[in-house]
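Working notes for the structure below.
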Amino acid sequence: MVQVRKQPQRTCLGCRQVKDQDQLVRFVRSPDGEILADLKGKLPGRGAYLCNDRDCIETAASRKQFDRAFRKVCQPVAGRQLVESITEQLLAHLANLLGMARKSAKFVAGSNAVLDALNRKKLLAVVILARDISPQIGEKVRRKAEYQQIVTTQLFDKVKLGRILGRAERSVVGLPDGKLAAAFLDDLLRYQDISGES
Ligand SMILES: [Zn+2]
Numbered sequence: 005m006v007q008v009r010k011q012p013q014r015t016c017l018g019c020r021q022v023k024d025q026d027q028l029v030r031f032v033r034s035p036d037g038e039i040l041a042d043l044k045g046k047l048p049g050r051g052a053y054l055c056n057d058r059d060c061i062e063t064a065a066s067r068k069q070f071d072r073a074f075r076k077v078c079q080p081v082a083g084r085q086l087v088e089s090i091t092e093q094l095l096a097h098l099a100n101l102l103g104m105a106r107k108s109a110k111f112v113a114g115s116n117a118v119l120d121a122l123n124r125k126k127l128l129a130v131v132i133l134a135r136d137i138s139p140q141i142g143e144k145v146r147r148k149a150e151y152q153q154i155v156t157t158q159l160f161d162k163v164k165l166g167r168i169l170g171r172a173e174r175s176v177v178g179l180p181d182g183k184l185a186a187a188f189l190d191d192l193l194r195y196q197d198i199s200g201e202s
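The sequence shown begins at 5 in our numbering and counts up one residue at a time.
Here you go:
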């Protein structure tokens, strides 16, 4: 008989809903009682879980649910701080993934190159616009990408995007369809959920 291994289920400390563990954010208590968001699920010790959601995190922090979950007094922490730590970690993941795209040369950078790829209907999975892109160019790229149902997002600024890709400043980057883009979209969704940005 084949046993189907079910995804482990965990309860969110905020809303008490039971969900698949990989849909929740893991938190651990450091030896000195600090609550740490553990996005990669690699930190040692007992874990507590919360939805990737501001309200759940703020509820848990304000009601001292971490003390209960870890059965130990934890350092007081504001939900806002935990949310900030999660958004920072996700931004770092996203930058890392772009860095990997750079190493494998799997990206299209620059507004002209991305527009050209969009014109040739070359399969892009996601288009990243710098936050400080000129509104006109941004609008042009966004319209074209959205017409082809390609996800667009605004992240980082031109200098940072360029630096991640090892170049001078870049206002637009496109990732072709593939595993890397899928991982990027996964983290991007989580980032958008918790930051409230699009
Ligand atoms: Zn929840």
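Each residue gets a CB set at the ideal place from its N, CA and C atoms; glycine is no exception.
The C-alpha of Asp190 is placed about 31 Å away from the C-alpha of Asp71. Assigned with DSSP and collapsed to three states, Val112 falls in strand. Excluding five sequence positions before and after Ser66, the CB atoms of its chain that fall closer than 8 Å to its own CB belong to Gly83, given in chain order. For Val32, the enclosing beta strand (DSSP E) begins and ends at 28-33.
For Leu86, the distance from the CB to the nearest heavy atom of ligand 1 is not below 8 Å. Only exposed fits Gln11, as fewer than 16 other CB atoms lie within 10 angstroms of its CB. Between the C-alpha atoms of Asp36 and Ile154 there is a straight-line separation of about 45 Å. For Leu193, the uninterrupted alpha helix (DSSP H) run begins and ends at 183-199, by DSSP. The beta carbon of Leu127 lies closer than 7 Å to those of Pro180, Asp181 in the same chain, with the five residues before and after it left out. Under the DSSP assignment, Ala129 falls in the beta strand (DSSP E) whose first and last residues are 128-133. If the five residues before and after Asp161 are omitted, its C-beta is found closer than 7 Å to the C-beta atoms of Ala134, Arg135, Asp136, all from its own chain and listed in chain order. Contact annotation, Asp197 with Asn56: C-beta distance approximately 5 Å; criterion of less than 8 Å satisfied. By the beta-carbon neighbour count (other beta carbons within 10 angstroms, threshold 16), Gln69 is buried. In this structure, Leu192 places its C-beta atom within 9 Å of the C-beta atom of Val130. When distances are taken from the beta-carbon of Gln21 to the heavy atoms of ligand 1, the shortest one is below 8 Å.
When the beta-carbon positions are compared, Ile90 and Leu17 stay at least 9 Å from each other. When secondary structure is reduced to three states using DSSP, Lys162 falls in the helix class. Nearest C-alpha to Gln25 among Leu95, Arg50, Thr15: Thr15. Nearest to Val145 by alpha-carbon distance, out of Arg167, Leu159, Val177, Ala172, is Val177. Distance from Ala105 to Leu184 at the Cβ level is roughly 6 Å; contact confirmed, criterion being Cβ atoms closer than 8 Å.
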